[in-house]
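See below for the structure under consideration.
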Amino acid sequence: MADEVRVSINSEYDIVTARLKGRDLAAKLGFSSTELVVIATAISEIARNIVQYAKHGEISMSIIQQGSRSGIIITARDKGPGIPNINLAMQDGYSTGGGLGLGLPGAKRLMDEFEVTSKVGSGTTVTMKKWLR
Amino acid sequence: MLVPILKQGDYLIASVQSELSDEDLLKLRDELVKRVGELRSRGVIIDVTALYVMDSFATRTLRAIAHMIRLRGAETIIVGIQPEVAFTMVQLGLKLEGVMTALDLEEGLAYLQTLHTSKRR
Ligand SMILES: Nc1ncnc2c1ncn2[C@@H]1O[C@H](COP(=O)(O)OP(=O)(O)OP(=O)(O)O)[C@@H](O)[C@H]1O
Ligand SMILES: [Mg+2]
Numbered sequence: 001m002a003d004e005v006r007v008s009i010n011s012e013y014d015i016v017t018a019r020l021k022g023r024d025l026a027a028k029l030g031f032s033s034t035e036l037v038v039i040a041t042a043i044s045e046i047a048r049n050i051v052q053y054a055k056h057g058e059i060s061m062s063i064i065q066q067g068s069r070s071g072i073i074i075t076a077r078d079k080g081p082g083i084p085n086i087n088l089a090m091q092d093g094y095s096t097g098g099g100l101g102l103g104l105p106g107a108k109r110l111m112d113e114f115e116v117t118s119k120v121g122s123g124t125t126v127t128m129k130k131w132l133r
Numbered sequence: 001m002l003v004p005i006l007k008q009g010d011y012l013i014a015s016v017q018s019e020l021s022d023e024d025l026l027k028l029r030d031e032l033v034k035r036v037g038e039l040r041s042r043g044v045i046i047d048v049t050a051l052y053v054m055d056s057f058a059t060r061t062l063r064a065i066a067h068m069i070r071l072r073g074a075e076t077i078i079v080g081i082q083p084e085v086a087f088t089m090v091q092l093g094l095k096l097e098g099v100m101t102a103l104d105l106e107e108g109l110a111y112l113q114t115l116h117t118s119k120r121r
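So the protein lines, in turn, are chains A and B.
Residue 128 in the UniProt record's numbering sits at position 128 of the first sequence, and the numbers go up by one each step.
Residue 112 in the UniProt record's numbering sits at position 112 of the second sequence, and the numbers go up by one each step.
Okay, here's the thing in structure tokens:
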């Protein structure tokens with residue numbers, strides 16, 4: 001696929017790299033300055049979750065085309081411990097790591113589409129999309 | 001140090017210059033809490049004009065900084081939150097509860113001054 005950007009996530013520094021690369025890709029597509037901040041912030045949240053809960057993972061970002069609309073798709077994958085109860089993890093304020101528990105539900109609010117799949121013991125995948133208006 | 005801290009009279013001004021990693025934010029916290037005591041500062045301004053992403057970790061850390069500095073007897077004002085960043089914080093559900101904010105450095109300094117003149121009365 002053209003325009004695919006991959007960032008391997010192994011430390012907190014990769015969080016900054018991932019959000020900058022995501023912002024650059026989204027800027028190429030013509031998102032507004034507010035949407036660029038929105039996208040970069042959502043990436044920051046899911047990248048931090050990888051560092052915090054799974055230690056290692058990867059974020060891939062690409063431009064997608066669906067009919068007449070285009071957008072950005074961001075996929076974060078890790079082989080960490082997984083999330084036992086996704087519904088619970090998606091609730092505002094739920095955190096097992098002493099956080100605000102806003103990363104997942106907040107990123108969902110920021111993006112147009114948001115999906116978490118996870119299996120305990122084998123890892124978590126978060127997929128999110130934002131469409132160009 | 002990604003965040004230079006300048007002393008201006010009774011106040012400390014920390015100006016964020018670029019995107020900050022989690023570690024940079026924690027360093028800023030430790031440095032400010034230390035210097036407030038050393039320099040006997042009465043107020044701290046953190047200028048985040050250059051901050052592009054204010055996520056849950058950054059918000060939590062700024063809130064912690066403001067509370068720690070209050071425990072050290074000084075006040076903190078966060079200035080320069082950009083409109084795009086403010087929009088994103090609200091959507092994400094992030095609140096800077098209990099933390100004073102001002103539009104920019106100038107407003108922040110004026111705010112600290114009014115706080116201290118009213119305290120002296
Ligand atoms: N990649 C992941 N692997 C395993 N568990 C995860 C992962 N991402 C999230 N979780 C779980 O879901 C919970 C909620 O995540 P969320 O990002 O919403 O909040 P948080 O990380 O705890 O706090 P915040 O993001 O506000 O600092 C986490 O506490 C953790 O238990
Ligand atoms: Mg999180």
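Backbone N, C-alpha and C fix where the C-beta goes; we use that ideal spot for every residue, glycine too.
field: Residue span of the beta strand (DSSP E) that contains A/Gly22, given as start and end
entry: No beta strand (DSSP E) holds A/Gly22; the alpha helix (DSSP H) holding it covers 12-29.
- prompt: For chain D, is any of its Cβ atoms less than 7 Å away from the one on B/Gln17?
  reply: Annotation note: the requested chain D is absent from the structure, which comprises protein chains A and B.
field: Distance CB(A/Thr41)-CB(B/Val53) smaller than 7 Å
entry: A/Thr41 places its beta carbon less than 7 Å from that of B/Val53.
task: Name the one or two DSSP bridge partners that A/Met61 has.
output: Here A/Met61 is bridged, per DSSP, to A/Val5, A/Ile74.
field: Backbone secondary structure at A/Gln66 - three-state DSSP
entry: strand
field: Sequence-distant residues of its chain with Cβ nearer than 6 Å to A/Val5 (five each side left out)
entry: Lys21, Leu25, Met61
message: Quick check on this structure: which residue in B/Gly108, B/Asp22, B/Arg42 has the alpha carbon closest to the alpha carbon of A/Tyr13?
response: B/Asp22
query: Given a limit of 7 Å on CB to CB distance, which residues of the segment 78-106 of chain B reach chain A?
result: Using a CB distance below 7 Å, the part of the segment 78-106 of chain B facing chain A consists of Glu84, Val85, Phe87, Thr88, Gln91, Leu92, Gly93, Leu94, ordered along the chain.
message: Counting only Cβ pairs nearer than 8 Å, list the residues of chain B close to A/Leu102.
response: Those are Ser56, Leu92, Gly93, Leu94, listed as they occur along chain B.
message: Check this for me: beta carbons of B/Ile77 and B/Gly98, under 7 Å apart or not?
response: Going by beta carbons, B/Ile77 and B/Gly98 fall outside the 7 Å limit.
task: Measure the CB-CB distance between B/Thr59 and B/Leu25 and report whether it falls below 7 Å.
output: no
- prompt: CA-CA distance, B/Thr101 and B/Val79?
  reply: 6 Å
- prompt: Since B/Val44 and B/Ile69 are thought to touch, with beta carbons under 8 Å apart, how far apart are those beta carbons, to the nearest angstrom?
  reply: 5 Å
message: Per DSSP, what are the beta-bridge partners of B/Tyr11 in this structure?
response: B/Gln8, B/Gly43
Below 5 Å from a heavy atom of ligand 2 - residues by beta-carbon: A/Asn49, A/Gly103
- prompt: Is the beta carbon of A/Ala54 within less than 6 Å of some heavy atom of ligand 1?
  reply: yes
- prompt: Does DSSP classify B/Thr114 as helix, strand or coil?
  reply: helix
- request: May I have the straight-line CA-CA distance separating A/Gly99 from B/Phe57, to the nearest angstrom?
  value: 8 Å
- prompt: Going by the C-beta, is A/Thr15 closer than 6 Å to any heavy atom of ligand 1?
  reply: Checking the sequence shown, residue 15 of chain A turns out to be Ile, not Thr. No, ligand 1 has no heavy atom inside 6 Å of this Cβ.
query: Expressed to the nearest angstrom, what Euclidean distance is found between the alpha-carbon atoms of A/Phe114 and A/Ala27?
result: Cα to Cα, A/Phe114 sits roughly 20 Å from A/Ala27.
query: Less than 7 Å separating the beta-carbons of residue 134 of chain A and A/Ile74?
result: For chain A, the structure presents residues 1 to 133; residue 134 of chain A sits outside this window and is missing.
- prompt: Taking the Cβ atom as the reference point for each residue, do residue 137 of chain A and A/Arg23 lie within a distance shorter than 7 Å?
  reply: Since the first and last residues shown for chain A are 1 and 133, residue 137 of chain A lies out of range.
message: Can you tell me which residues form a DSSP beta bridge with B/Glu75?
response: B/Gly43
task: For A/Val16, decide whether its Cβ has a neighbour in chain B, counting only Cβ atoms nearer than 7 Å.
output: yes
- prompt: Span of the alpha helix (DSSP H) holding B/Lys34?
  reply: 22-38
- request: Identify every residue that forms a DSSP beta bridge with A/Ser118.
  value: A/Thr124
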